[in-house]
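**Q** Residue numbers (my numbering): 7 to 317.
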Amino acid sequence: MNRKITAFVIVLLLAGAAAIAIMNSGKEKKGETVGGVGANAQGSTRVAPGSGSAEGAEGKKDSERLDRERRDADLVSRYGGVRTALARKVSENVVSLLDDAIAMGDMMANGAGENFGGRRGMMRGALGRIGVELTEEQQEKAAELFAAYQKKQLEKSRTAVDGLRKDSTALMELFLAGDAKERGEIDEDEWAAIRDGAAGDLGDVINPLDRNNFGGGRPLEDEEFMSGFEAILDEDQSTAFGTFRDERTAEAAANPAKDGNISNLPTMELDTLDEAVTGAKKMTSGFRSVLEGWGSLQELRPQIEPQTEEE
7 MNRKITAFVI VLLLAGAAAI AIMNSGKEKK GETVGGVGAN AQGSTRVAPG
57 SGSAEGAEGK KDSERLDRER RDADLVSRYG GVRTALARKV SENVVSLLDD
107 AIAMGDMMAN GAGENFGGRR GMMRGALGRI GVELTEEQQE KAAELFAAYQ
157 KKQLEKSRTA VDGLRKDSTA LMELFLAGDA KERGEIDEDE WAAIRDGAAG
207 DLGDVINPLD RNNFGGGRPL EDEEFMSGFE AILDEDQSTA FGTFRDERTA
257 EAAANPAKDG NISNLPTMEL DTLDEAVTGA KKMTSGFRSV LEGWGSLQEL
307 RPQIEPQTEE E
């Protein structure tokens, strides 16, 4: 139990303030509503949304509310009221944690990142070894592409978290099922079915234990970024980069990694998860305060620092 908490905390510490600019690198799922209800998975307690026969926005809200209440009741019936209430608390803390991260991502994208290597530094951290040396002009163009990628990922995360704020039932069930698996109340197959259903329902909600979600994301897996990046390369660079991508594809096939979706969060008992998320929330709040304070100091520098005669 303690090792799981320690792992959670260490990953977030390693991410650090400089790595919080990117919030999401999970695959985009078109046509799905984040935090909503997808097709029922085997063993899942979720039910299909109501038909929404009432017309207009109010009718839709009523239908969604009734559907959410019905699914909440299903969770209580299956997992018990006490554990469902704890799952709701953990889900609310996860939303708050991700709110902090999105706010920090906005600050990094709007100037705070200059204190951590700037756009180029963050881009190099995200791309890693790519098999090509870029000229100054190419680095600037690549940094612009990366900034656009960051903005898009932040918006996807913002939408995902807004969806969770409205309806966290799918996230609660993911946590409850993981707890039930750890307690020996459901088997691996049943857990996998619920997890797979949650992966569709939760869409772009990131796994807070995956350090890749906090280290610049996965721009090399983003079609729009890759299209723009390859366009700035010359012929020789393009050939070298193609070789790098082939090697990377072969390596990924030999050692498949889970994507950054929160459905790939390791299973743990709810009490352990609650303790871990609460601790992580304290750290993200601290990181956010540091960035906010740093921004305020930067704005005040012309007023509080003495000017030299040369200035």
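Quick reminder that beta carbons are idealized off the backbone N, C-alpha and C, glycines included. Remember, it's a predicted structure, so these values are computed and weren't measured experimentally.
For ASN213, which three-state DSSP category applies?
**A** Indexing the sequence shown from 1 puts residue 213 at position 207. Looking at ASN213 - three-state DSSP - the assignment turns out to be coil, as it is neither helix nor strand.
**Q** Can you give me the start and stop residues for the alpha helix (DSSP H) that LEU160 sits inside?
**A** To locate residue 160, count along the sequence shown from 1; it is residue 154. Where LEU160 is concerned, the enclosing alpha helix (DSSP H) stretches over 142 to 172.
**Q** For VAL283, which residues of its own chain have a beta-carbon under 7 Å away from its beta-carbon, when the five flanking residues on both sides are left out?
**A** Within the sequence shown, the letter at position 277 stands for residue 283. The answer, listed in chain order, is VAL96, ASN99, VAL100, LEU103.
**Q** Verify the CB distance criterion: does GLU179 have a CB-CB separation below 8 Å to chain C?
**A** This model lacks chain C altogether; it includes just one protein chain.
**Q** DSSP beta-bridge partners for ASN267?
**A** Here residue 267 corresponds to residue number 261 of the sequence shown, with the count starting at 1. According to DSSP, ASN267 bridges with ILE212.
**Q** Mapping the DSSP letters down to three states, classify ASN99 as helix, strand or coil.
**A** Counting from one through the sequence shown, the residue named residue 99 turns up at place 93. Helix, per DSSP.
**Q** Grab the span of the alpha helix (DSSP H) containing ASP242 for me, first residue to last.
**A** Here the question's residue 242 lines up with position 236 in the sequence shown. It spans 241 to 260 - the alpha helix (DSSP H) in which ASP242 sits, taken as one unbroken run.
**Q** Compute the distance between the beta-carbons of GLY5 and ALA246, then report whether it is under 8 Å.
**A** The displayed coordinates of the chain run from 7 to 317. Any statement about residue 5 would go beyond what the structure contains.
**Q** Inspect the beta-carbon positions of LYS162 and ASP210 and report whether they are closer than 8 Å.
**A** By one-based count along the sequence shown, residue 162 stands at place 156. By one-based count along the sequence shown, residue 210 stands at place 204. For LYS162 and ASP210, yes; Cβs fall inside 8 Å.
**Q** With 16 as the cutoff for other CB atoms within 10 Å, does PRO225 come out buried or exposed?
**A** On the sequence shown, residue 225 is found 219 positions in, with the first residue counted as 1. Buried, because 16 or more other Cβ atoms sit within 10 Å of the Cβ of PRO225.
**Q** Taking the alpha helix (DSSP H) that MET274 belongs to, which residues open and close that run?
**A** The residue given as residue 274 occupies position 268 in the sequence shown. Segment: none, MET274 is in no alpha helix (DSSP H) and carries neither H nor E.
**Q** How should GLY111 be labelled, buried or exposed, when 16 other C-beta atoms within 10 angstroms of its C-beta is the threshold for buried?
**A** Taking the sequence shown and counting its residues from 1, the one referred to as residue 111 is at position 105. Classification of GLY111: buried, given that the 10 Å Cβ count is 16 or more.
**Q** Exposed or buried, which one is LEU72 when buried takes at least 16 other CB atoms within 10 Å?
**A** Within the sequence shown, the letter at position 66 stands for residue 72. Exposed, since its Cβ has fewer than 16 Cβ neighbours within 10 Å.
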